[in-house]
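Since the structure comes first, as structure tokens, the remarks are kept for the end.
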Amino acid sequence: MGALIRSLFEDYWHYFDKGYTLCHYTFIGLADFFVFIRVFNFGGFCANYLRAAGTLSIGCTLVLLKYPNPATMLRILASRKSVKSFAFVTAALLFFAPFWVQAQSDTYEVFAIKFAGTDKQFYEAEWATGGGKDVPVPISFMFWLLKGKNGRNILVDAGFMPEKVKEEEFFKLAGYIRPDSALLKMGVKPGDISDIILSHPHWDHLGGAALFPNATLWMQEHDFEGFVGTAWQKDGRRGGFAQGDVRMVIDLNLAGKLSLIAGDNKDILPGVTVFTGSKHTYDSQYVMVSNGKEKVVIASDNIWIYYSLDHLTPPSPGGTTDPQGYVEAIKRR
Ligand SMILES: [Zn+2]
Numbered sequence: 000m001g002a003l004i005r006s007l008f009e010d011y012w013h014y015f016d017k018g019y020t021l022c023h024y025t026f027i028g029l030a031d032f033f034v035f036i037r038v039f040n041f042g043g044f045c046a047n048y049l050r051a052a053g054t055l056s057i058g059c060t061l062v063l064l065k066y067p068n069p070a071t072m073l074r075i076l077a078s079r080k081s082v083k084s085f086a087f088v089t090a091a092l093l094f095f096a097p098f099w100v101q102a103q104s105d106t107y108e109v110f111a112i113k114f115a116g117t118d119k120q121f122y123e124a125e126w127a128t129g130g131g132k133d134v135p136v137p138i139s140f141m142f143w144l145l146k147g148k149n150g151r152n153i154l155v156d157a158g159f160m161p162e163k164v165k166e167e168e169f170f171k172l173a174g175y176i177r178p179d180s181a182l183l184k185m186g187v188k189p190g191d192i193s194d195i196i197l198s199h200p201h202w203d204h205l206g207g208a209a210l211f212p213n214a215t216l217w218m219q220e221h222d223f224e225g226f227v228g229t230a231w232q233k234d235g236r237r238g239g240f241a242q243g244d245v246r247m248v249i250d251l252n253l254a255g256k257l258s259l260i261a262g263d264n265k266d267i268l269p270g271v272t273v274f275t276g277s278k279h280t281y282d283s284q285y286v287m288v289s290n291g292k293e294k295v296v297i298a299s300d301n302i303w304i305y306y307s308l309d310h311l312t313p314p315s316p317g318g319t320t321d322p323q324g325y326v327e328a329i330k331r332r
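With numbering that gives the first Met the number 0 applied, the sequence shown corresponds to residues 0 to 332, in that order.
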């Protein structure tokens, strides 16, 4: 049986090699078998069970993950000579089917939602170091919806409320639609939003969070500390922060609806990972999610405009406290 597992597994080695992440696991190879360290973000149960169940179940689970369709799985297994193996793997398939279904469901449709534009003409150089002074660049205000097959509706950022901060004047806002109204056009009600991952607490990303009563707000710990604390000290760095938003975040925390994230490369929700390093604010973060076919990275202000992505340049001065870190974050794969 060990050989069967090994041969089945090797067929799919390349998926692991390429960082295939749909099912979110890490594993280590130990001679003839493989041990999951973490499986599907199910928490302790599945991982512990697999360790206890030993190598055969583990091997078969690997196989199971690689076939998107159980019927296909059975057909392929049936074509193998050993009836015993077939019976065993069928049993394993039935046992692990719920986990498989869950793993499949941790993928998302990803929507970018524009909720405001601007009547002011901006140029590349205003947003990216080295950008053209005369090259016009359109500026849009966006947030993102991750619509999960697992039932979660996650926002990355939440837009802003109207007439709230002086920056709106600067941008000459045009075509504003309140973020909850924009979502309603897509059939998503405010109460349907389960989570908001805040890339950073600037006014145009955070103010709309108050519109979603059932959402947990996810924020980097260092960003939170700077936002509610040091930013408001003498000479504190608070550009783009709104005092009303600070109060809102503190209220969310008091209500148990704020979840702080401690640093880089964290799996915070099924199928969703966040990264830091750009330092657009104290510790801004960006988001990686799978849509079932590929990984999608939502950069938010960690890349302001495509010029920075194309030329690997930092933003214009003020866009980060760590220009090198900002570029390194863009380069990460
Ligand atoms: Zn920003």
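Think of the CB as a built atom: it goes at the ideal place given N, C-alpha and C, for glycine as much as any other residue.
Just so you know, these numbers come straight off a predicted model, no measurement behind them.
Closest by C-alpha distance to residue i, when choosing among the options
{"i": "T128", "options": "R331, K330, Y305, A328", "result": "Y305"}
{"i": "P161", "options": "R177, V326, D321, I297", "result": "R177"}
{"i": "L197", "options": "V286, D133, I138", "result": "V286"}
{"i": "P189", "options": "Y281, H199, A208", "result": "A208"}
{"i": "M141", "options": "A111, K233, F240, L210", "result": "A111"}
{"i": "T278", "options": "P316, G324, A115", "result": "Note on identity: in this sequence residue 278 is Lys, with Thr being the wrong assignment. Minimum Cα distance to K278 is reached at G324."}
{"i": "F226", "options": "T275, F211, I249, P212", "result": "I249"}
{"i": "D222", "options": "A115, P212, H201", "result": "H201"}
{"i": "W126", "options": "P322, Y175, K330", "result": "P322"}
{"i": "P269", "options": "P137, S180, L210, G291", "result": "G291"}
{"i": "A328", "options": "D309, K294, F274, G317", "result": "F274"}
{"i": "V326", "options": "L259, A254, P313", "result": "P313"}
{"i": "K119", "options": "F170, G130, G150", "result": "F170"}
{"i": "P212", "options": "L311, E224, L251", "result": "L251"}
{"i": "G243", "options": "G150, G206, D282", "result": "G206"}
{"i": "T117", "options": "E168, L308, Y107, S315", "result": "E168"}
{"i": "D309", "options": "E108, G130, P316", "result": "G130"}
{"i": "V245", "options": "L172, E224, G255, K233", "result": "E224"}
{"i": "R331", "options": "L183, S104, V296, W231", "result": "V296"}
{"i": "T320", "options": "S299, E293, S283, S307", "result": "S283"}
{"i": "G317", "options": "R237, K265, E293", "result": "R237"}
{"i": "K256", "options": "M218, K233, Q232", "result": "M218"}
{"i": "L210", "options": "H199, M247, A241", "result": "M247"}
Three-way DSSP call (helix, strand, coil) for residue i in this model
{"i": "P314", "result": "strand"}
{"i": "F240", "result": "coil"}
{"i": "E167", "result": "helix"}
{"i": "D300", "result": "helix"}
{"i": "A147", "result": "The displayed chain sequence assigns Gly, not Ala, to residue 147. G147 falls in the strand class under three-state DSSP."}
{"i": "G324", "result": "helix"}
{"i": "M160", "result": "coil"}
{"i": "V109", "result": "strand"}
{"i": "V134", "result": "coil"}
{"i": "T229", "result": "helix"}
{"i": "D263", "result": "coil"}
{"i": "Y285", "result": "strand"}
{"i": "S139", "result": "coil"}
{"i": "N152", "result": "strand"}
{"i": "K294", "result": "strand"}
6 Å Cβ shell around residue i - same chain, five flanking residues per side excluded
{"i": "I338", "result": "Any property of residue 338 remains undetermined from this structure, which presents the chain solely from 0 to 332."}
{"i": "A261", "result": "E220"}
{"i": "D203", "result": "F140, F159"}
{"i": "V271", "result": "V288"}
Close beta carbons around residue i, own chain, < 7 Å, minus the five adjacent residues each side
{"i": "N152", "result": "L144, K146, V187, D191, I192, S193"}
{"i": "G235", "result": "T229"}
{"i": "K336", "result": "Nothing about residue 336 can be reported from this structure: the residues present for the chain run from 0 to 332 only."}
{"i": "A181", "result": "I112, F114"}
{"i": "G276", "result": "D263, G324, E327, A328"}
{"i": "V134", "result": "Y122, E123"}
Test: residue i CB closer than 8 Å to a CB of chain B
{"i": "L145", "result": "As a matter of chain content, chain B is missing from the structure shown, which is built from one protein chain."}
Contact set for residue i: own chain, Cβ-Cβ below 8 Å, skip 5 residues either direction
{"i": "E166", "result": "W202, D203, G239"}
**Item:** Sequence ranges, beta strand (DSSP E) only - wholly within the segment 168-227, length at least 3
**Value:** 194-196, 215-219
**Prompt:** Got a list of residues with beta-carbon closer than 5 Å to any non-hydrogen atom of ligand 1, in chain order?
**Reply:** H201, D300
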